[in-house]
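Participant: One structure, as structure tokens, below. Some questions next.
Number of protein chains: 2
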Amino acid sequence: MDITKMLSGIRLNPAQSTPLYLQIATALSAKISDFSIPVGAKLPPERELSRLLGVSRTTAINAYSLLEERGLVSTKIGSGTFVSAGSTPNQSQSTQMPWDQLFAPGYKAPLSSIIRSIIASPTADDMISMAAGMPDPAFYPLQMIQSALDRNKRAIDAADFGLIATEGYLPLRRSLAAWQTSLDNPATPDQILIVSGSQQGLYLLVKSFIEPRDYVIVESPTYLGAIQLLEAAGARLLTLPPGNKLDLAMLEDYLIRYRPKLFYTMSSFKNPTGSVMELAERRELLRLAEKHRLTVIEDDPYSLLYHGSPPPPSLKQLDSFGGVVQLGTFSKNLFPGLRTGWVHAAPPVINRLAQEKQFVDLHSNNLAQMIVHAALEENSLPLHLAMVRREYKKRRNAMAAAIKKYCGAAMRFELPEGGLYIWGRLNPTILPTELLRRAAPFGISFIPGDAFYAHGAVSHEIRLCFATHDEERLAEGIRRLAKALNVATAAESLPAASAGRPII
Amino acid sequence: MDITKMLSGIRLNPAQSTPLYLQIATALSAKISDFSIPVGAKLPPERELSRLLGVSRTTAINAYSLLEERGLVSTKIGSGTFVSAGSTPNQSQSTQMPWDQLFAPGYKAPLSSIIRSIIASPTADDMISMAAGMPDPAFYPLQMIQSALDRNKRAIDAADFGLIATEGYLPLRRSLAAWQTSLDNPATPDQILIVSGSQQGLYLLVKSFIEPRDYVIVESPTYLGAIQLLEAAGARLLTLPPGNKLDLAMLEDYLIRYRPKLFYTMSSFKNPTGSVMELAERRELLRLAEKHRLTVIEDDPYSLLYHGSPPPPSLKQLDSFGGVVQLGTFSKNLFPGLRTGWVHAAPPVINRLAQEKQFVDLHSNNLAQMIVHAALEENSLPLHLAMVRREYKKRRNAMAAAIKKYCGAAMRFELPEGGLYIWGRLNPTILPTELLRRAAPFGISFIPGDAFYAHGAVSHEIRLCFATHDEERLAEGIRRLAKALNVATAAESLPAASAGRPII
Chain A
240 MDITKMLSGI RLNPAQSTPL YLQIATALSA KISDFSIPVG AKLPPERELS RLLGVSRTTA
300 INAYSLLEER GLVSTKIGSG TFVSAGSTPN QSQSTQMPWD QLFAPGYKAP LSSIIRSIIA
360 SPTADDMISM AAGMPDPAFY PLQMIQSALD RNKRAIDAAD FGLIATEGYL PLRRSLAAWQ
420 TSLDNPATPD QILIVSGSQQ GLYLLVKSFI EPRDYVIVES PTYLGAIQLL EAAGARLLTL
480 PPGNKLDLAM LEDYLIRYRP KLFYTMSSFK NPTGSVMELA ERRELLRLAE KHRLTVIEDD
540 PYSLLYHGSP PPPSLKQLDS FGGVVQLGTF SKNLFPGLRT GWVHAAPPVI NRLAQEKQFV
600 DLHSNNLAQM IVHAALEENS LPLHLAMVRR EYKKRRNAMA AAIKKYCGAA MRFELPEGGL
660 YIWGRLNPTI LPTELLRRAA PFGISFIPGD AFYAHGAVSH EIRLCFATHD EERLAEGIRR
720 LAKALNVATA AESLPAASAG RPII
Chain G
240 MDITKMLSGI RLNPAQSTPL YLQIATALSA KISDFSIPVG AKLPPERELS RLLGVSRTTA
300 INAYSLLEER GLVSTKIGSG TFVSAGSTPN QSQSTQMPWD QLFAPGYKAP LSSIIRSIIA
360 SPTADDMISM AAGMPDPAFY PLQMIQSALD RNKRAIDAAD FGLIATEGYL PLRRSLAAWQ
420 TSLDNPATPD QILIVSGSQQ GLYLLVKSFI EPRDYVIVES PTYLGAIQLL EAAGARLLTL
480 PPGNKLDLAM LEDYLIRYRP KLFYTMSSFK NPTGSVMELA ERRELLRLAE KHRLTVIEDD
540 PYSLLYHGSP PPPSLKQLDS FGGVVQLGTF SKNLFPGLRT GWVHAAPPVI NRLAQEKQFV
600 DLHSNNLAQM IVHAALEENS LPLHLAMVRR EYKKRRNAMA AAIKKYCGAA MRFELPEGGL
660 YIWGRLNPTI LPTELLRRAA PFGISFIPGD AFYAHGAVSH EIRLCFATHD EERLAEGIRR
720 LAKALNVATA AESLPAASAG RPII
């Protein structure tokens with residue numbers, strides 16, 4: 240079949256809110272459904288498709304990958320992409336139920352679909368993603384963990400693969416409590432709840448504490464996942480202003496005026512800014528929290544990922560009244576696919592969270608818990624952490640140097656002392672979502688700053704993750720970003736510019 | 240220290256709602272906290288403790304195990320149980336926050352704490368639990384899965400251990416769709432969502448469809464996890480009456496009168512009764528569902544665990560209008576610790592569930608998904624299923640024979656053709672929760688029928704799981720149950736009996 244004919248009538252609209260790859264997939268899907276592209280037909284190679292439709296190769300790859308996921312095409316390595324036989328099963332089914340009318344009204348996070356597609360999209364060879372907060376897969380200590388697990392296998396009983404307590408695999412709760420205690424953060428097993436990633440810990444906390452219209456204090460900007468969860472639960476967010484200092488006067492004002500349920504914070508190497516709460520601020524915060532019986536959620540994924548010296552003691556370590564709930568995770572220290580994190584809190588909190596967790600998934604995955612337990616038993620974390628700290632510092636330096644070299648005055652930043660991100664501040668005429676759209680054809684991505692502000696505030700910042708790629712790729716990524724910045728700046732200076740058009 | 244002195248002043252009250260092991264643990268904990276039992280002291284051996292306090296050995300074991308979990312004691316194998324140094328950290332903390340006033344009002348399932356403690360309590364040597372729906376750990380195909388994984392390892396990339404799409408590990412979504420298609424249940428990957436056990440699938444469905452005061456139809460009795468989730472979400476449950484026939488006239492009446500959002504059912508080997516919906520009933524149900532645009536949730540953990548011939552085609556297989564959402568799981572077929580199940584539904588439903596799932600845990604555990612994928616790729620399920628079907632049939636027969644032999648007229652039942660349970664009907668003078676309390680000293684457990692009825696209906700039935708133990712142990716378990724039945728019956732005939740007192 241003639242390729243031009245195959246693609247005839249496909250009109251893409253970059254101005255539309257639907258991403259280009261989805262527009263392409265939908266158009267091809269329609270042609271497959273009405274047999275204008277027959278079963279068995281070979282689709283144009285990705286490179287050809289991207290050329291013919293004037294889109295990036297990543298967009299073409301994503302379109303085919305979606306069609307494959309829908310079972311409409313299959314890829315044979317070396318030969319190409321073909322329309323599958325039986326590629327239209329149940330087509331008639333899906334249209335008969337008015338699903339959108341049947342669903343309960345749902346919260347739709349302003350930027351959630353873009354974030355999901357960033358996480359889900361396959362990374363093409365030529366793509367440099369600085370978006371997701373993903374450690375480099377090359378650093379995942381898979382071999383170390385395999386050996387630790389093999390050596391500890393004797394201690395595992397077949398029954399350990401059955402249903403276990405909602406609170407977690409008891410050997411892990413013990414070894415985790417011992418590990419935290421060894422880090423001067425005393426814990427007993429009944430203060431530990433194992434969760435399926437710290438995201439789940441936060442979810443359970445929100446379920447357990449928040450009713451619609453409850454007040455919650457957050458910093459601005461802050462972790463986008465926390466904003467989304469809290470907004471979805473109907474919380475009213477009280478924001479503390481941007482800046483490196485915690486505005487304690489405003490915090491106390493909020494406490495007196497609104498009696499908020501929670502204060503959510505990342506005290507060390509905050510996502511997205513990388514800032515660290517000073518020791519004096521921590522103490523003053525806890526003094527206020529104790530006085531007003533405020534529950535403080537300390538989300539702590541990054542405190543062990545410092546580049547120079549460790550951050551001050553955590554809020555949990557300084558906690559004298561038991562009101563701090565700490566969230567920990569192995570996603571950044573070991574690898575995200577473990578989906579294993581923990582909540583460290585007073586036993587009544589652990590108990591309440593476990594009641595909620597029982598509904599959500601009965602208990603977290605046993606295998607991952609055995610793996611983490613084996614790693615803790617063998618004390619293999621310190622060596623691994625020393626390695627990744629060294630590597631991330633190199634990468635941070637490489638990204639920082641590249642920004643200075645290629646972007647110059649067009650982007651400013653402060654060098655973070657830990658974590659995975661550089662928080663870049665753009666010229667106020669540039670909208671980060673617009674820059675993201677301009678950056679796509681250059682094969683790079685990042686997260687626009689807007690995502691990290693509650694109340695849909697407009698930001699002129701972007702979050703760049705330096706953990707995923709090596710120094711050379713990072714320098715190349717920033718070189719491309721500088722080009723996109725040039726294009727965006729040039730477009731801004733034209734009066735008819737399309738600035739402000741959202742990309743989703 | 241003298242053991243008698245150590246235990247002095249401990250008064251247990253079996254009539255109290257607090258379980259005995261918790262009463263013991265609390266009493267010992269108080270003595271450790273006020274140093275009346277000093278750090279380093281050796282506690283009496285479990286057997287001694289049970290003798291001195293007049294409780295079962297299991298109760299003593301559970302009490303020590305709870306103290307160990309709280310970090311108050313530690314067990315040295317071969318030497319005994321000792322009060323830990325630093326056994327009172329953060330004691331002062333937990334009391335300062337008024338946690339109960341801070342939590343959002345939560346749903347408390349009437350029997351959830353008993354179920355949780357049944358699942359969580361360590362199985363003592365002399366304990367025969369017929370409570371949890373747990374496959375026998377001896378049947379977990381750990382070796383088969385290890386080999387399958389080893390052979391398929393080449394296909395796994397380090398990046399597969401990173402963050403993946405919320406919908407699931409794409410290779411698994413593909414192999415699962417292919418497997419279901421091979422079972423005459425056509426599926427494409429975009430109709431499959433991987434979830435952390437089918438419990439999570441149900442949780443996400445309830446989140447996506449149900450608002451407070453929505454109507455939902457359930458059979459009576461039905462799976463207790465479904466009742467709890469729906470009640471917690473504020474749904475109003477419309478129940479179809481007990482019995483082997485689906486009351487289709489009442490179902491249609493409900494559909495017209497209340498326009499319910501969902502009908503939740505287990506069509507094959509229903510938990511707890513083991514009953515199977517006949518083919519004609521399935522067709523008529525679907526006719527009604529199509530006419531009224533009713534979403535049918537078909538929870539299907541047991542259809543492959545038949546003892547004789549397979550059940551009729553599933554509702555999903557017969558679904559002509561796309562309104563059936565099917566839940567599947569590997570917990571019963573492989574092992575529960577995988578926490579891997581799936582939802583099979585129209586793509587708009589999968590998409591909505593994935594939005595909710597992103598909040599709950601981003602995505603399910605990668606390792607478990609790789610394991611299941613490897614097992615499906617190697618087609619190793621059929622052989623394993625053939626083995627467990629054979630074994631479960633033997634066990635069902637052994638339990639059935641023992642009930643006839645030991646319980647006689649005191650318990651009636653119908654022989655189930657699949658699944659893991661016998662549903663025993665007691666003499667109406669006996670309350671199952673009272674029987675459970677009487678059964679504990681004999682070292683057996685089961686689930687009282689009340690848990691499977693919405694609206695707190697009083698039942699005279701009990702659910703007995705025959706999957707966990709071998710034929711000999713099952714016969715012994717039923718022999719002990721018969722003894723407990725005798726005690727309960729004798730107590731009932733006394734006018735001053737304490738019948739009706741809840742055990743929790």
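Chains as they are written, first to last, in the working numbering: chain A, 240 to 743; chain G, 240 to 743.
Glycine included, each C-beta is placed from N, C-alpha and C at the ideal position.
1. If you measure from the beta carbon of G:W338 to each beta carbon in chain A, is any gap under 9 Å?
2. Buried or exposed: A:V599, going by 16 or more other Cβ atoms within 10 Å of its Cβ?
3. Going along the chain, which residues of its own chain have a beta-carbon closer than 6 Å to the beta-carbon of G:A299, five neighbours each way excluded?
4. Is the beta carbon of A:Q385 closer than 9 Å to that of A:F567?
5. Roughly how many whole angstroms lie between the Cα atoms of G:P425 and G:F574?
6. Looking at chain G, which residues of the stretch 413-435 of chain A have a Cβ within less than 9 Å of any of its Cβ atoms?
7. Sorted by chain position, which residues of the same chain lie with C-beta nearer than 7 Å to G:S447's C-beta, five sequence neighbours on each side aside?
8. Below 8 Å on the Cβ atoms is my contact criterion, and I expect G:G576 with A:L606 to pass it. Report the Cβ-Cβ distance as a whole number of Å.
9. Since A:A377 contacts G:A397 with CB under 8 Å, what's their CB separation in whole angstroms?
10. For the beta strand (DSSP E) that G:R702 lies in, which residues bound it at each end?
11. Identify the contact partners of G:G576 in chain A, using a Cβ-Cβ distance below 8 Å as the criterion.
12. With a threshold of 9 Å between beta-carbons, can G:P374 be considered close to chain A, or not?
13. For the beta strand (DSSP E) containing G:A456, name the first residue and the last one.
14. Determine the closest residue to G:K530 out of G:S507, G:P551, G:D492, with distance taken between C-alpha atoms.
15. Which residues of chain G have a Cβ atom closer than 7 Å to the Cβ of A:Q439, listed in chain order?
16. Which residues, in chain order, does the stretch 293-314 of chain G contribute to contact with chain A at a C-beta distance below 7 Å?
17. Per DSSP, A:E537 forms a beta bridge with which residues?
18. Name the chain A residues that come within less than 8 Å of G:Q556, Cβ to Cβ?
19. Using a beta-carbon distance cut-off of less than 7 Å, what residues from the stretch 567-594 of chain A approach chain G?
20. What span of residues does the alpha helix (DSSP H) with A:G580 cover, start to end?
21. In angstroms, rounded to a whole number, what distance separates the CA positions of G:A319 and G:P283?
22. Can you check the stretch 675-727 of chain A for any beta strand (DSSP E) of at least 3 residues that lies completely inside it and give the ranges in chain order?
23. Cutting at 6 Å between CB atoms, please list the residues of its own chain near A:P361, excluding the five before and the five after it.
24. Can you pull the DSSP bridge partners for A:K315?
25. Find out if the Cβ-Cβ distance for the pair G:Y346, G:N301 is shorter than 9 Å.
26. Could you list which residues in chain A have their beta carbon closer than 8 Å to that of G:F705, in chain order?
27. Between A:P328 and chain G, is the shortest Cβ-Cβ distance under 9 Å, so that the two count as touching?
28. For G:Q565, go through chain A and note every residue whose CB falls closer than 8 Å to its CB, in chain order.
29. By Cβ distance, which residues of its chain are closer than 7 Å to A:T257, with the 5 residues on each side in sequence left out?
30. What separation, rounded to the nearest whole angstrom, lies between the Cα atoms of G:L485 and A:E406?
31. Taking only runs of the alpha helix (DSSP H) that begin and end inside the stretch 582-617 of chain G, which ones reach a length of at least 4 residues, in chain order?
32. Rounded to whole angstroms, what's the CA-CA distance from G:R309 to G:S559? Just pull it up for me.
33. Ordered along the chain, which non-local residues of its own chain (more than five positions away) have a Cβ less than 7 Å from that of A:L703?
34. List the residues of chain G that A:K500 touches, going by C-beta distances under 9 Å, in chain order.
35. Roughly how many angstroms separate the alpha carbons of G:A359 and A:Y408, rounded to a whole number?
36. Put A:R634 into one of helix, strand or coil per three-state DSSP.
Facilitator: Walking through what the data contain:
1. yes
2. buried
3. E285, L288, S289
4. The question names Phe, yet the displayed sequence has Gly at residue 567 of chain A. No. Outside cutoff.
5. 25 Å
6. R413, A416, T420, P425, A426, T427, P428, D429, Q430, V434, S435
7. R591, L592, E595
8. 7 Å
9. 7 Å
10. 700-704
11. D399, F400, G401, L402, I403, N604, N605, L606
12. yes
13. Reading off the sequence, residue 456 of chain G comes out as Ile, not Ala. Counting along the chain, the beta strand (DSSP E) containing G:I456 begins and ends at 454-458.
14. G:D492
15. V599, D600
16. E308, R309, G310
17. A:T504, A:Q565
18. Those within 8 Å of G:Q556 in chain A number zero; the least Cβ separation is about 12 Å.
19. F574, P575, G576, R578, A585, P586, P587, V588, R591, Q594
20. Premise fails: A:G580 lies in the beta strand (DSSP E), 580-583, not in any alpha helix (DSSP H).
21. In the sequence as displayed, the identity of residue 319 of chain G is Gly instead of Ala. Distance between the alpha carbons of G:G319 and G:P283 is about 8 Å.
22. 700-704
23. For A:P361, the predicted structure reports a pLDDT of 46, less than 50, and the residue's modelled location is therefore unreliable. The matter cannot be settled from this model.
24. A:G319
25. no
26. Those do not exist, as G:F705 stays about 16 Å from chain A at its closest Cβ, beyond 8 Å.
27. Only weak support is given to the placement of A:P328: the predicted model assigns it a pLDDT of 47, under 50, and the value that follows is read from those uncertain coordinates. It does: the Cβ of A:P328 has a partner Cβ on chain G nearer than 9 Å.
28. None at all; the shortest Cβ gap to chain A is about 12 Å.
29. none
30. 38 Å
31. 586-600, 605-616
32. 54 Å
33. M369, M638, Y660, I661, G663, F685
34. L341, A343
35. Here G:A359 scores only 47 on pLDDT, less than 50, and its place in the model is too uncertain to base an answer on.
36. helix
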